[in-house]
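Undergrad: Sequence order for the protein chains is A and B.
Just so we're aligned: 254 in the UniProt record's numbering is position 254 of the first sequence, and the numbers increase by one with no gaps anywhere.
Just so we're aligned: 106 in the UniProt record's numbering is position 106 of the second sequence, and the numbers increase by one with no gaps anywhere.
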Amino acid sequence: MALMETGKYSQGSVLGSVNPDLASERQTASFSVEKLTAWLDGGAEHTRLRRAVVEAIERDPAFSRENQYFQSQNERYEAAVRKAVHLQKKMDEMGWTDNGPEFKYIYRALSGDLAFLLHRIFIRSISMLGSDKQIAKWIPLATQYQLIGSYAQTELGHGTYLQGLETTAVFDITTQEFVLNTPNISAMKWWPGDMGRSATHTVVFAQLYVKGKCYGLHPFIVQIRSLQDHSLCPGITAGDIGPKMNFEHIDNGYLMLQNVRVPRENMLSKFCEVQPDGTYVRRGSQKINYFTMTTVRISLILDEVVIPLMKACTIAIRYSVVRRQSKLKPGEQEAKILDYQTQQEKLLPQLAAAYAFYFINDYLQELFNRGYREIQRKNFDMLPELHAFSSGFKAMVTQYSTSAVEICLRACGGHGYSLLSGLPSLYTKIVASCIYEGENTILFLQTARFLIKCFMAASTGQPVPPSVTYLAAVTPEKCPAKNKLDFLSPDIYTEAYQHMAARLINSTAAKLQDLIQSGVKKHDAWNQCTVQLAQAAKAHCHYITVKNFAETVEKLETQPGIQKIMKHLCDLFALHGIFSNAGVFLHDGYISGAQMDMVTASYLDLLAVIRKDAVPLVDAFDFTDKTLNSALGSYDGQVYQRLYEWAQKSPTNKQMSPAYERYLKPLLHKTLSKL
Amino acid sequence: MMMNADLRRERAAATFQPELLTHILDGGAERTRRRKEIEALVINDPDFQHEDLNFLSRSQRYEQAIRKSSLMVMKLREYGITDPDEIYWFKSFVHRGRPEPLDLHLGMFLPTLLTQATPEQQDRFFMPAWNLEIIGTYAQTEMGHGTHLRGLETTATYDPATQEFILNSPTVTSIKWWPGGLGKTSNHAIVLAQLYTQGQCKGLHAFIVPIRQLGTHEPLPGITVGDIGPKFGYDEMDNGYLKMDNFRIPRENMLMKYAQVEPDGTYVKPLSDKLTYGTMVFIRSLIVGDSARSLSRACTIAIRYSAVRHQSELKPGEPEPQILDYQTQQYKLFPLLATAYAFHFVGAYIKDTYHRISGDIHEGDLSELPELHALTAGLKAFTSWTANAGIEECRMACGGHGYSRCSGIPDIYVTFTPSCTYEGENTVMMLQTARFLVKSYTQVSSGQQVTGMVSYLNDLSRQRIQPQHVAARSVAVRINDPVSLVEAYKARAARLVEAAAKNLQAELNHRKSKEDAWNRTSVDLVRASEAHCHYVIVKLFTAKLAEISNAAVRAVLTELCLLYALYGISKNTGDFLQAGILTDAQITQVNQRVKELLAIIRPNAVALVDSFDFHDVHLGSVLGRYDGNVYENMFEWAKKSPLNKREVHESFHKHLKPMQSKL
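1. How many angstroms separate the CA atom of A/R82 from the CA atom of A/I250?
2. Taking only beta-carbon atoms, is A/M188 less than 8 angstroms away from chain B?
3. Return the residues of the stretch 160-173 of chain B that lie within a Cβ-Cβ distance of less than 9 angstroms from chain A, sorted by chain order.
4. Determine the chain A residues that contact B/E632 at a beta-carbon separation under 8 angstroms, and present them in chain order.
5. Leaving out five residues on either side along the sequence, give the residues of the same chain with a beta carbon under 8 angstroms from the beta carbon of A/A458.
6. May I ask you to report which of helix, strand or coil DSSP gives A/S150?
7. In chain order, what residues of the same chain have a beta carbon less than 8 angstroms from the beta carbon of B/E39, not counting five sequence neighbours either side?
8. Just how far apart, CA to CA, sit B/A471 and B/A531?
9. Tell me which residue opens and which closes the beta strand (DSSP E) that residue 676 of chain A is part of.
10. Using the Cβ count rule (16 or more neighbours within 10 Å means buried), how would you classify B/C561?
11. By the 8 angstroms beta-carbon criterion, what residues does the stretch 61-79 of chain A contribute toward chain B?
12. Please give me, in chain order, every unbroken run of the alpha helix (DSSP H) with length at least 4 that falls completely inside the UniProt domain "Acyl-CoA oxidase/dehydrogenase middle" (138-246) of chain B.
13. For A/I307 and A/L423, which I take to be in contact (beta-carbon distance under 8 angstroms), what is that distance rounded to the nearest angstrom?
14. Is A/H576 close to chain B, meaning its C-beta is less than 8 angstroms from at least one C-beta of that chain?
15. Do you know offhand how far A/L165's Cα is from A/L180's?
16. Kindly say whether B/N550, judged by its beta-carbon, lies nearer than 8 angstroms to any beta-carbon of chain A.
17. Quick check on residue 664 of chain B: does DSSP put it in helix, strand or coil?
18. Scan the stretch 590-625 of chain A and note each continuous alpha helix (DSSP H) run of 4 residues or more that stays entirely inside, going in chain order.
19. Leaving out the 5 sequence neighbours to the left and right, which residues in its chain are closer than 6 angstroms to B/N633 when beta-carbon positions are compared?
20. What is the DSSP secondary structure of B/Q468, reduced to helix, strand or coil?
21. With DSSP as the reference, label B/Y626 as helix, strand or coil.
22. Note down, one range per segment and in chain order, each beta strand (DSSP E) of at least 3 residues found wholly within the stretch 205-249 of chain A.
23. Would you kindly work out how many angstroms separate the C-alpha atoms of A/L512 and B/D325, rounded to a whole number?
24. Assuming A/E248 contacts A/R76 under a Cβ cut-off of 8 angstroms, what Cβ separation, rounded to an integer in Å, is found between them?
25. Along the chain, where does the alpha helix (DSSP H) that runs through A/G371 open and close?
26. Quick one: is the Cβ of A/Q134 within less than 7 angstroms of any heavy atom of the ligand GTP?
27. Contact check, B/A129 vs B/L110 under 8 angstroms by CB: the rounded distance?
28. Less than 6 angstroms between C-beta atoms, sequence neighbours within five positions excluded: which residues of the same chain meet that for A/S17?
29. Kindly indicate which residue of A/L515, A/L504, A/Q399, A/Y603 has the alpha-carbon position closest to the one of A/Y493.
30. In the DSSP output, which residue or residues are listed as bridge partners for A/N263?
31. Rounded C-beta distance between B/I409 and B/I301? I'm assuming under 8 angstroms.
32. Would you say A/I121 lies against chain B (beta-carbon separation less than 8 angstroms)?
33. Alpha carbon to alpha carbon, what distance is there between A/Q343 and A/L488?
34. CA-CA distance, B/F282 and A/Y363?
35. Per DSSP, what kind of secondary structure is B/I81 in: helix, strand or coil?
36. Quick one, are the C-beta atoms of B/A476 and B/I391 less than 8 angstroms apart?
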């Protein structure tokens, strides 16, 4: 083993010197890692800026995550608050601002291990939903942390379906106040971050009642804790909702309101207002407001989903060239586990997916920027398409990436199960993204609704948004591929995906129509088709992702070295999808059985090709060791030494457990009966 | 508190009596009675009560587990419980399905002494270990070495001058890593090491090594031992590391029932020992059963909660429906419910077969063992992978609340997921099964007949007379007949085994080395094993139906069996289409039939999870409570959270207030 050459137990001595098994992987890279990194960052100047921010954060011991895996929920929460407070100081010191180019790198450098994230949502919602007067009053208080805000929407009994929320706000004309109540236990606000322990204020969504009439959901600013001693305000019951799979550092909270009164001016009133005499006034369009909700889904894709996936790939792939197990050839040393085809088949498709989703994120950002410009010009035509995109891609990318991270975790065998590998935390964090900001199944069905509508429109010759014109396009009935190399042509596989997505949408629409024509009520027919509808929506997103990957590769003409390897990854992503969903491609004979064997052959060939560049491809993500915080995934590959040293820092080794004196000793000495 | 009205309605609407199904799962009404008796012994015992583990630190959880384990050992003896199944029940009620620090002592250390120690060694070690003066663990895995045992690096060198073995951990990678109970609990370990005597390496052997001082529990000189730190789960287990530096043990501490080292260092070879096969089969059969139980628990929670939770709108103007009425929710949960039942029956089958064969072993008939060994490797992998993913699907089907530890599913998941790795990493297991399948295929090709679960390969030779591909043989599949579906799965397995075997041969023809060819075919080989295991499961589930006498229970299990088989087809349509086993039109029918079955099973869903008969204490879930009073109890649970200990958290005074005054 490599470590034997570098000395045995001399503490820390090998850390930093690169494990030869990892070093050799880097010598054979087919492309320049630095160039790929710069290209991913959007230019070398961005890489420089990112590295400068990361370095400034990591050099500051106040931001250290060193002992994170050993900390209790209480300690994690306290550290997150401490870091959030320290970050304000740091930003002043560095001259960074919330709107500066550094900002997006700060959160990433801290791996989100920070309190007051909901405080930002609080600020954002007031800026968007508040009147000018409300903005002038609350925003300065919030930005200077004179108060700490949260955002209380979800209730114990109600999530994605907003109309079902039960909290009430009744206007009392005599005192010019709203009276807020939690009418029963399922109406308790549940889950809002920062609310369990930190927040002094929150935006509460409640059903507005004026003179006995319900006007639906509206936002109200409610103070929940004293600004003096942080104790709960009268009528407020609030606390932490207890331990979760992850987010130990966040105090997700509950909130019960009993006759809590807030002045009339606390209803956020950019779009709706209750006048002193109780008249309800609606003004302007709320459409832009919905748009902002959909942008949240898009904004989380990079930091909360794609980056964790990239980290998981980095850890698993580096570990897989350090870990040796069994022999591939008799008499040789044990083989690197990445040399096993089954290990390649686990990890390399996930690596390709990480790149695919990184590029789809760029695509979505661009689409949304364009949409935003249109909307500012009061052109709302793009809204349905943008909404469908944000829903479907959020669902597909989170679902795919979650299972990808889990595959990485299990591909690391026993050591992946140790928290010190970093993988369990990445998994438990990313898996939450399948639920928050809209449960994935519901989101797929929203996209499906849009697709069915477009399909109907397209089939009657009406115009549809450019991303779905393919639904009406005429494509060949058979895939034209003749041999396995043909399947390395982006035209061939992109067309296969297009055909497959169009077919699934088409057949589901037909099924819906049949049911309705046979007398089934529309909503029942919809429910009976939802499994197919969700599948069709996923297929659409998968198709767009493949297409976008192929187009991204095409644009790389000026960088042939990078283009070549990206082309391999694109091929792998596409063929992996066909290989693992063979049935839907075979179903109507578009791809024949013989062609499917060609797909499989090409797909397996690609694994061996990409294997050679696997380590450079994860190095290009350019994560520092501190960012990865993994004993298995460090740049130097000194896996075992690090695992051993980190384990020794575990509190179970440093503190004497009372278990021995109390239970073990009497057990061993037969005095247990005295317990 | 009253039972939630939704759950009451669900239970009243069931078409069968859940107790009858419980009896089938337990293996008879008498066994159900005894199980519940033991459950009551534990659950009503104040000594086994404690605070909700979700609120405790790792050290506290370890401490609770040690406390309960100590009491458990005493009480088992006090109650005179000696039957292995009954001990298993008792233990899993005490620890609520979680691992505990004495697992390795009871499950590995003692049994290894019984099977591998000489009578003299048994005298010295067994009774002290039985009386827990000695607590032992089993130290096999090293930091750098897992499933591939021959790669282990720890050495035991015999010194004839002192008649001792000198144990060493020569590298960092050779440090023993992961053994349960090693970190803090044990004072002895059975250590697997490469034996060197008279200058020669004799391969892996087992040694009894004292590691901690009796009395003080301090590590002995030459021993470095500790806990490997926090993990995804297994908080109550002190998985440990062990490093040995020239640590000497007497010659008599090598387990010498089979191989021996004589005082002068002469090595005496063991007689061939096929019995170790048996132990592996037994442990892997336990994992299959565990897959079934863990998935059943997750299904119980998710299905009950889905009957209590109301959300959104199905019909305009009507109240929010139970989420279990949504087709997408049924599609997530019911196939898993069917899977849980399938795995129960598979687990019971392997266990019975093992007991039958081990009866034969004593009479010298080992003929069935290689196949059972190969089959359980694959089934261990197949069921643990499926259950692992299924538990997470159940959790996600509970939406946001599933993510809270109060749902209990995070704990089920993190406790279960290592079974994909331990006792043989799953991919390696699948390849072991594949090796057996390829061997059987080769036998058939050379004109021999094979027997048992692989006998379908015999048909291939008959096919060979015709020039067509094996797959082109059309099976007239009737999609409403489980027996016919077994044939479809059989055809798929045959096709994939043949394809993998042929690809392997093609690689060999390209003059690749045997190992290279095997590696380059391994993705195909794993697929073949999966198809074989899938066939076996459908076959065993279908066979079980005929044994059920109660018509109502048989009807509902038949629906589940059909759902299991058809859902499996709909998820693997590519295999069935490509092999020509089913046509496009049949696949469309299969997909349609799956959705019809969801609606048919819907009224019995709650009764079907009630039949698993998990006590609330064992289930450990607020969402899955039998009475369905979910929201009230979530609130009660949350109030106990450590962050809520004081109304104003100390970080307010430490960080928030100073910041506010500065800005």
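Ideal Cβ placement from N, Cα and C applies to all residues, glycine included.
Just so it is clear, the structure is predicted and the values come from calculations on it, not from any experiment.
TA: Short version:
1. The residue labelled residue 82 of chain A in the question sits at position 82 within the first sequence. The residue labelled residue 250 of chain A in the question sits at position 250 within the first sequence. Answer to the nearest angstrom: the Cα atoms are 12 angstroms apart.
2. Reading the first sequence from its first residue, position 188 is the one you call residue 188 of chain A. A/M188 counts as touching chain B.
3. P170, T171, V172, T173
4. On the second sequence, residue 632 of chain B is found 632 positions in, with the first residue counted as 1. The contacting residues are I185.
5. Reading the first sequence from its first residue, position 458 is the one you call residue 458 of chain A. If we look at A/A458 and ignore the five residues flanking it on each side, its Cβ neighbours are V464, V468, T469, L471, A472.
6. Residue 150 of chain A sits at position 150 when you count from the first residue of the first sequence. Strand, per DSSP.
7. To locate residue 39 of chain B, count along the second sequence from 1; it is residue 39. Once the five neighbours on either side are set aside, the close Cβ partners of B/E39 are W89, F93, H615, H618.
8. For this step, residue 471 of chain B is matched to residue 471 along the second sequence. For this step, residue 531 of chain B is matched to residue 531 along the second sequence. Residue placement at B/A471 is poorly supported in this model, since its pLDDT is 46, which falls under 50; the coordinates still yield a value, given next. Cα-Cα distance, rounded: 14 angstroms.
9. Residue numbering for chain A in the displayed model covers 1 to 675; residue 676 of chain A lies beyond these limits and cannot be assessed.
10. Along the second sequence, read from residue 1 onward, the residue named residue 561 of chain B stands at position 561. It is buried - the Cβ of B/C561 has at least 16 other Cβ atoms within 10 Å.
11. Y69, F70, S72, Q73, N74, Y77, E78
12. none
13. Counted from its first residue, the first sequence places residue 307 of chain A at position 307. Counted from its first residue, the first sequence places residue 423 of chain A at position 423. At roughly 14 angstroms, the Cβ-Cβ gap does not stay under 8 angstroms, so A/I307 and A/L423 are not in contact.
14. Stepping through the first sequence from its first residue, residue 576 of chain A is reached at position 576. So no, A/H576 is outside the interface.
15. What you label residue 165 of chain A is simply residue 165 of the first sequence in a count that begins at 1. What you label residue 180 of chain A is simply residue 180 of the first sequence in a count that begins at 1. Each residue's alpha carbon lies about 13 angstroms from the other.
16. Taking the second sequence and counting its residues from 1, one reaches residue 550 of chain B at position 550. Not closer than 8 angstroms to any Cβ of chain A, the Cβ of B/N550 fails to qualify, so no.
17. Because residue 664 of chain B is not part of the residues shown, which for chain B are 1 to 663, the question remains open.
18. 593-611, 614-619
19. Taking the second sequence and counting its residues from 1, one reaches residue 633 of chain B at position 633. Around B/N633: V622.
20. As a position in the second sequence, residue 468 of chain B is number 468, starting the count at 1. The predicted model places B/Q468 with a pLDDT of 45, which falls under 50 and marks its position as unreliable, so this point remains unresolved.
21. For the purposes of this step, residue 626 of chain B is taken as the residue at position 626 of the second sequence. Coil at B/Y626, not helix or strand.
22. 213-223, 236-240
23. Position 512 of the first sequence, counting from 1, holds the residue named residue 512 of chain A. Position 325 of the second sequence, counting from 1, holds the residue named residue 325 of chain B. One C-alpha to the other measures close to 19 angstroms.
24. By one-based count along the first sequence, residue 248 of chain A stands at place 248. By one-based count along the first sequence, residue 76 of chain A stands at place 76. Indeed, because the Cβ distance is near 4 angstroms, the residues count as touching under 8 angstroms.
25. Position 371 of the first sequence, counted from the start, is the residue given in the question as residue 371 of chain A. 341-376 is the extent of the alpha helix (DSSP H) around A/G371.
26. For the ligand GTP, the structure offers nothing, since it holds no ligand at all.
27. As a first step, residue 129 of chain B must be located in the second sequence, where it is residue number 129. As a first step, residue 110 of chain B must be located in the second sequence, where it is residue number 110. Indeed, because the Cβ distance is near 6 angstroms, the residues count as touching under 8 angstroms.
28. In the first sequence, residue 17 of chain A corresponds to position 17, counting from 1. Closer than 6 angstroms at Cβ, skipping near neighbours: no residue.
29. Counting from one through the first sequence, the residue named residue 493 of chain A turns up at place 493. For A/Y493, the nearest C-alpha among the options comes from A/Y603.
30. Position 263 of the first sequence holds residue 263 of chain A. Reading off the sequence, residue 263 of chain A comes out as Pro, not Asn. Per DSSP, A/E177.
31. Stepping through the second sequence from its first residue, residue 409 of chain B is reached at position 409. Stepping through the second sequence from its first residue, residue 301 of chain B is reached at position 301. So it is a contact: roughly 6 angstroms between Cβ atoms.
32. Translated into positions along the first sequence, residue 121 of chain A becomes position 121. A/I121 does not count as touching chain B.
33. As a working note, residue 488 of chain A is residue 488 in the first sequence. As a working note, residue 343 of chain A is residue 343 in the first sequence. Answer to the nearest angstrom: the Cα atoms are 22 angstroms apart.
34. Start at 1 with the first residue of the second sequence, and residue 282 of chain B comes out as number 282. Start at 1 with the first residue of the first sequence, and residue 363 of chain A comes out as number 363. Near 53 angstroms, if we compare the C-alpha coordinates of A/Y363 and B/F282.
35. Along the second sequence, read from residue 1 onward, the residue named residue 81 of chain B stands at position 81. It is coil, neither helix nor strand.
36. For the purposes of this step, residue 476 of chain B is identified with residue 476 of the second sequence, where counting begins at 1. For the purposes of this step, residue 391 of chain B is identified with residue 391 of the second sequence, where counting begins at 1. Contact: no.
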